[in-house]
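Okay, so the sequence shown: first residue is -7 according to this note's numbering, each after it adds one. The beta-carbon is built from N, C-alpha and C at its ideal position, and this holds for glycine as well. The structure displayed is predicted, hence computed values, not measured ones. Quick notes on the structure that follows.
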Amino acid sequence: MEKPKLIVDGKRLDGRGFEELRPIKIEAGVLKRADGSCYLEMGKNKIIAAVYGPREVHPRHLQDPSKAVIRYRYNMAPFSVEERKKPGPDRRSVEISKVSREALEPVIMKELFPRSGIDVFVEVLQADAGTRTACLNAASVALIDAGVAMRGMITAVAVAKVDGQLVLDPMKEEDNYGEADVPIAFLIRNGRIEAIALLQMDGRLTLEETRRAIELAKKGVMQIYKLQREAIMRKYMREGEDYEGSAEAAEVAKELSENEGGSEKEGGQSEQEVKE
Ligand code: ADP
-7 MEKPKLIVDG KRLDGRGFEE LRPIKIEAGV LKRADGSCYL EMGKNKIIAA
43 VYGPREVHPR HLQDPSKAVI RYRYNMAPFS VEERKKPGPD RRSVEISKVS
93 REALEPVIMK ELFPRSGIDV FVEVLQADAG TRTACLNAAS VALIDAGVAM
143 RGMITAVAVA KVDGQLVLDP MKEEDNYGEA DVPIAFLIRN GRIEAIALLQ
193 MDGRLTLEET RRAIELAKKG VMQIYKLQRE AIMRKYMREG EDYEGSAEAA
243 EVAKELSENE GGSEKEGGQS EQEVKE
């Protein structure tokens, strides 16, 4: 098929600006039987991640006495793409599973779980480019949902070069007909980007373009990171729910709020007393 124009009147085919992400939806804890799980949409991509473990490793000869063994399986459902995808692993899914595991491994505190295994399954229910990065975002949330100790969050997005222009988070047409596709994952700790966990490049970029692509990806991941955190907070801090504290605690809270007016002055005095 002839390459379509991917940028028309300064806009992308789906109306986005160059530095704009697709709409994202993230929900943590969607599967009952998994220890941790996440459902994530990024544009038309629909992903489910399920984490099992830390648990005993089978076969046992795969156990490591000093740390946990991490396994990551990326799989595309046969109905996830336009033409039915042949079920089961293929070269592409084996490669994606490998690089994604390698991106996550240093972030998981494996040394805390000797002899055990942590299995991460990601299922692509609907694909529209950028599935490996969307899956990593979902896997990170699912790992945290499973209570696995992590050094930070892995957050990923792709940057593409289309019609000579760098664009954030390419969708299918941009991925197919673009000049380059660069999926990038970052380690984010305490709200700061600390390291690159994955960087692949399909196509060609100059060094300068690569630098700009990384900067663009950084802008994108900070927005995704916020949504990942919010998804976890939504599950573990149900702020909208009725509070059923004890009557005693309610009484103390009432007293505290009534005294609030004079508390600053009093606080000041007691601080001085401590110093003296
Ligand atoms: P990513 O999904 O991480 O961007 P690729 O660049 O390899 O990985 O794939 C880009 C897109 O091509 C996928 O998201 C999917 O929409 C489509 N695709 C991948 N494999 C197949 C396949 N076997 N059949 C049809 N479409 C596919």
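Assignment of G122 by DSSP, reduced to helix, strand and coil, places it in the coil class.
CA-CA distance, V151 to A209, rounds to 6 angstroms.
Positions of the beta strand (DSSP E) runs, each at least 3 residues long and wholly inside the region 132 to 219, are given as 145 to 154, 157 to 160, 172 to 181 and 184 to 191 in order along the chain. Nearest neighbour of K77 by Cα position, chosen from A95, L96, L117 and Y44, turns out to be L117. P15 counts as exposed, since fewer than 16 other C-beta atoms from the protein chains shown sit within 10 angstroms of its C-beta. Distances from the CA of I100 to each of A60, E250, A42 and R204 were compared; the closest alpha carbon is that of A60.
In this chain, the beta strand (DSSP E) harbouring K38 covers N37 to E48. Taking 8 angstroms as the cut-off, one finds no heavy atom of the ligand ADP near enough to the beta carbon of G170. Taking 9 angstroms as the cut-off, the beta carbon of A205 is found closer than this to the beta carbon of L158.
Only residues of its own chain outside the window of five on either side were considered, and among them I62, R63, Y64 and V112 have a CB closer than 8 angstroms to the CB of R93, listed in chain order. Exposure of N251 is indicated by the presence of fewer than 16 other C-beta atoms within 10 angstroms of its C-beta. Distances from the alpha-carbon of P46 to those of A69, I18, I136 and D82 put I136 closest. Here A95 has L128, I146, A148, A177, A189 and L190 as same chain residues with Cβ atoms under 8 angstroms from its own Cβ, once five neighbours each way along the sequence are excluded. The C-beta of Y228 has fewer than 16 other C-beta atoms within 10 Å across all chains shown, which makes the residue exposed. One Cα belongs to K164, the other to V43, and the distance between them is close to 28 angstroms.
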